[in-house]
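In the numbering used here, the protein residues as written are 43 to 606. Where a beta carbon is used, it is the ideal one built from N, C-alpha and C, also for glycine. Fair warning: this is a prediction, and the values are worked out from it, not measured in the lab. Take a look at the structure below.
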Ligand code: GLN
């Protein structure tokens with residue numbers, strides 16, 4: 043589609059946090075993308091952290107890793123899963139980043155003696171960042187985290203308003219995603235908090251174009267009229283968005299409400315009706331599955347108030363659903379606390395996943411789960427820490443390396459099969475915890491005669507060395523010998539399989555199906571498998587970060603297929 047002027051859509055939240063702004067934003071973007079518009083999405087997190095790398099997943103949900111090594115709030119994951127595009131870390135803006143950049147410029151004398159102030163400098167910095175992150179798009183969606191009326195998101199709303207002058211009012215849309223509570227004793231959805239959220243926007247001179255009403259149930263006409271009467275938003279611009287079982291149904295619901303047509307009209311965009319057939323087919327699989335796979339996710343679950351624990355493994359959760367829908371099935375996930383593991387319980391599952399993690403909590407339980415999977419021929423997938431612990435288990439119980447361990451848990455172990463590389467140790471000594479991580483995309487050279495190769499090949503995910511070899515080399519300093527087959531996945535970890543133990547592990551039958559070859563000659567293990575097992579595969583990477591609704595991650599599909 044040919045769009046003359048770039049359009050900007052701001053999505054803010056009303057009444058409470060956690061109303062699902064992220065999935066609504068992803069869904070609107072999807073609907074526009076389905077109409078051949080080039081969309082860009084930006085997430086603003088008004089906190090002072092530079093990124094989510096230092097945040098506790100049990101409080102904030104999972105840390106999402108971008109292809110370029112960003113550690114971000116999980117909303118970017120939603121965008122990628124819906125849109126099937128790679129989104130850069132630049133598309134996540136935090137208050138910490140904005141201030142850091144302003145202060146650095148000030149110290150460098152870039153303001154030429156001026157007083158540096160929130161208005162105009164802070165606002166300009168925000169606007170520049172949004173413009174940069176959305177360059178080249180037809181429509182840019184900007185999700186402003188937090189709730190309108192919050193002290194910290196004021197500058198972002200101010201910037202959103204001032205874009206109206208830069209782009210023209212006709213090219214800027216403000217959407218408020220609000221929440222309508224339904225107190226049990228009243229039995230009806232209340233609009234008052236939403237009216238107040240609209241008023242909070244009005245204080246910054248923003249008149250929302252659309253109100254998306256999140257609620258347990260459908261919002262009826264009389265509620266919509268109330269919002270029209272009390273807040274001057276035409277009732278046909280008040281959109282009902284009740285809770286749905288499957289998040290991928292939200293775009294279809296927005297279409298059904300006529301919202302997308304109204305949005306396009308407001309932005310003077312014309313388009314043909316999109317084709318949702320494949321999307322609907324996958325949803326239908328989840329709703330009417332041929333089979334339900336039962337997968338045990340053996341993790342560390344630390345209760346933190348009422349926080350939903352599933353959120354700390356959301357990408358794995360979604361990757362399993364994507365894979366199941368691809369196989370006309372659905373999946374039931376058993377959240378197994380590694381601290382309270384028992385084999386009888388594990389035996390009830392079709393497959394076992396040991397996900398990523400940090401620290402010593404639940405480690406022995408995870409190792410026992412891996413042992414159980416290996417010995418009983420149960421399909422197993424190890425992700426990051428899950429792979430490291432699979433190596434520990436193999437070293438202890440197959441190679442007879444007594445008390446083998448990762449130095450993350452036991453720094454004094456006799457057999458440090460998982461360890462930190464010497465140069466990382468130096469970085470850590472300087473106290474730079476973040477800089478010692480392998481973050482973002484890395485290339486693995488895979489062996490053709492492996493399960494890993496077979497399944498990645500089937501999904502068109504094997505790249506030949508001829509493709510962009512130079513760029514890869516440049517940005518991840520890997521060596522890719524001529525003729526090799528390459529898999530690229532995202533990483534977030536500090537420890538590696540200790541090169542000193544490669545030989546003994548291999549001699550006892552552990553297959554290294556993929557290696558990252560560093561230019562200094564060090565080989566890092568990326569994929570392992572057991573050739574004589576039904577499916578025992580693990581990876582140092584996080585393949586869950588490249589799983590998309592219509593394009594599942596190969597290893598998750600292979601894990602479920604192995605259950606059949
Ligand atoms: N704790 C391990 C490491 O730092 C694994 C990290 C992870 O699973 N993401 O290497």
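Which runs of the beta strand (DSSP E) at least 3 residues long sit entirely within the stretch 136-213? Give them in chain order.
The beta strand (DSSP E) runs lying completely inside the stretch 136-213 and spanning 3 residues or more are 181-186, given in chain order.
Tell me the DSSP secondary structure of residue 347 in three-state form.
Within the chain shown, residue 347 is the residue found at index 305, counting from 1. Any reading at residue 347 is ruled out, since the residue's pLDDT is 49, under 50, leaving its predicted position unreliable.
Could you tell me which residues DSSP pairs with residue 87 in its beta bridges?
The sequence position of residue 87 within the chain shown is 45, counting from 1. Per DSSP, 136.
Just to confirm my understanding: we take residue 167, look at its own chain, exclude 5 residues before and 5 after, and list those with CB closer than 8 Å. What are they?
Here residue 167 refers to the residue found at position 125 of the chain shown. Correct list, in chain order: 140, 143 and 144.
Under the three-state DSSP convention, the category residue 501 falls into:
Within the chain shown, residue 501 is the residue found at index 459, counting from 1. Coil, per DSSP.
Rounded straight-line distance, which links the Cα of residue 136 to that of residue 92:
Reading the chain shown from its first residue, position 50 is the one you call residue 92. Reading the chain shown from its first residue, position 94 is the one you call residue 136. If you take the alpha carbons of residue 92 and residue 136, they lie about 6 Å apart.
Cβ of residue 483 versus every heavy atom of the ligand GLN: is any distance shorter than 7 Å?
Stepping through the chain shown from its first residue, residue 483 is reached at position 441. The answer is no for residue 483.
As a quick exercise: from 169, 373 and 521, pick the residue whose alpha carbon is nearest that of residue 207.
Numbered from its first residue, the chain shown carries residue 207 at position 165. That would be 169, whose Cα lies nearest to the Cα of residue 207.
By a C-beta neighbour count over all protein chains shown, 10 Å radius and 16 as the cutoff for buried, is residue 334 buried or exposed?
For the purposes of this step, residue 334 is taken as the residue at position 292 of the chain shown. Exposed, by the Cβ-count rule.
Assess contact between the stretch 322-338 and the stretch 99-118, defined as three or more Cβ pairs (one per stretch) separated by less than 8 Å. Is contact present?
no
Mind checking who residue 235 pairs with in its DSSP beta bridge?
Residue 235 sits at position 193 when you count from the first residue of the chain shown. Partner(s): none; residue 235 has no beta bridge.
With DSSP as the reference, label residue 111 as helix, strand or coil.
The residue given as residue 111 occupies position 69 in the chain shown. Residue 111 falls in the coil class under three-state DSSP.
For the ligand GLN, any of its heavy atoms closer than 7 Å to the Cβ of residue 399?
Here residue 399 refers to the residue found at position 357 when the chain shown is read from its first residue. For residue 399, the Cβ falls inside the 7 Å cut-off from some heavy atom of the ligand GLN.
For residue 417, count the other beta carbons within 10 Å of its own beta carbon; 16 or more makes it buried, fewer makes it exposed. Which is it?
Within the chain shown, the letter at position 375 stands for residue 417. Exposed: under 16 other Cβ atoms inside 10 Å.
Considering Cα atoms alone, identify which of 214, 365 and 71 is closest to residue 602.
For the purposes of this step, residue 602 is taken as the residue at position 560 of the chain shown. Checking every option, the nearest Cα to that of residue 602 belongs to 365.
Where the alpha helix (DSSP H) containing residue 414 begins and where it ends:
Taking the first residue of the chain shown as 1, we reach residue 414 at position 372. Run containing residue 414: 405-418, per the alpha helix (DSSP H) assignment.
Classify residue 607 as helix, strand or coil using the three-state DSSP reduction.
Because the chain in this structure spans residues 43 to 606, residue 607 falls outside the shown range and cannot be described.
Opening and closing residue of the beta strand (DSSP E) in which residue 3 lies
It is not possible to answer for residue 3, since the shown part of the chain is limited to 43 through 606.
Which residues mark the beginning and the end of the alpha helix (DSSP H) in which residue 297 is found?
Counting from 1 along the chain shown, the entry for residue 297 is found at position 255. Taken as a continuous stretch (DSSP letters only), the alpha helix (DSSP H) holding residue 297 covers 292-298.
Cutoff 6 Å; reference residue 121; Cβ partners in own chain excluding five residues on either side:
As a first step, residue 121 must be located in the chain shown, where it is residue number 79. Result list for residue 121: 68, 83 and 129, in chain order.
If you follow the beta strand (DSSP E) that residue 282 is in, where does it begin and where does it stop?
Here the question's residue 282 lines up with position 240 in the chain shown. Per DSSP, residue 282 belongs to the beta strand (DSSP E) from 280-284.
In its own chain, which residues sit with a C-beta less than 6 Å from the C-beta of residue 347, not counting the 5 before and 5 after it?
Stepping through the chain shown from its first residue, residue 347 is reached at position 305. Below a pLDDT of 50, predicted positions are generally treated as unreliable, and residue 347, at 49, falls in that range; the measurement from the model is reported next regardless. For residue 347, where only same-chain residues beyond five positions count, there are no Cβ hits under 6 Å.
So does the stretch 261-280 actually touch the stretch 228-239, counting three or more Cβ pairs closer than 8 Å?
yes
Classification of residue 586 by the beta-carbon crowding that lies within 10 angstroms, buried from 16 upward
Mapped onto the chain shown, residue 586 falls at position 544. Residue 586 should be labelled buried.
Which value, in whole angstroms, describes the spacing of the CA atoms of residue 209 and residue 284?
Here residue 209 refers to the residue found at position 167 when the chain shown is read from its first residue. Here residue 284 refers to the residue found at position 242 when the chain shown is read from its first residue. About 33 Å.
Under the criterion of a Cβ to heavy atom distance below 7 Å, does residue 98 qualify as lining the ligand GLN?
As a first step, residue 98 is located in the chain shown; it is residue number 56 there, counting from the start. Because no heavy atom of the ligand GLN lies under 7 Å away, the Cβ of residue 98 does not count as near it: no.
Do the CB positions of residue 215 and residue 79 come within less than 8 Å of each other?
Within the chain shown, the letter at position 173 stands for residue 215. Within the chain shown, the letter at position 37 stands for residue 79. Result no, Cβ atoms of residue 215 and residue 79 do not sit closer than 8 Å.
Nearer than 7 Å: is that true of the beta carbon of residue 297 relative to any heavy atom of the ligand GLN?
Walking along the chain shown from the start, residue 297 turns up at place 255. Not so, every heavy atom of the ligand GLN lies at least 7 Å from the Cβ.
Apart from the five residues just before and just after residue 308, which ones in its own chain have a Cβ nearer than 7 Å to its Cβ?
Mapped onto the chain shown, residue 308 falls at position 266. Around residue 308: 215 and 251.
Same chain only: Cβ atoms within 7 Å of residue 441, ignoring 5 sequence neighbours per side:
As a working mapping, residue 441 is identified with position 399 in the chain shown. 546, 547 and 550, listed in sequence order.
Which residue's Cα is closest to the Cα of residue 50: 213, 331, 544 and 553?
Reading the chain shown from its first residue, position 8 is the one you call residue 50. Answer by Cα proximity: 213.
Is the beta carbon of residue 254 less than 8 Å from the beta carbon of residue 281?
Start at 1 with the first residue of the chain shown, and residue 254 comes out as number 212. Start at 1 with the first residue of the chain shown, and residue 281 comes out as number 239. Contact: yes.
Contact check, residue 407 vs residue 383, beta carbons under 8 Å:
Reading the chain shown from its first residue, position 365 is the one you call residue 407. Reading the chain shown from its first residue, position 341 is the one you call residue 383. Taking 8 Å as the Cβ cut-off, residue 407 and residue 383 qualify as a contacting pair.
Going by DSSP in three states, residue 448 sits in which element: helix, strand or coil?
Here the question's residue 448 lines up with position 406 in the chain shown. Strand, per DSSP.
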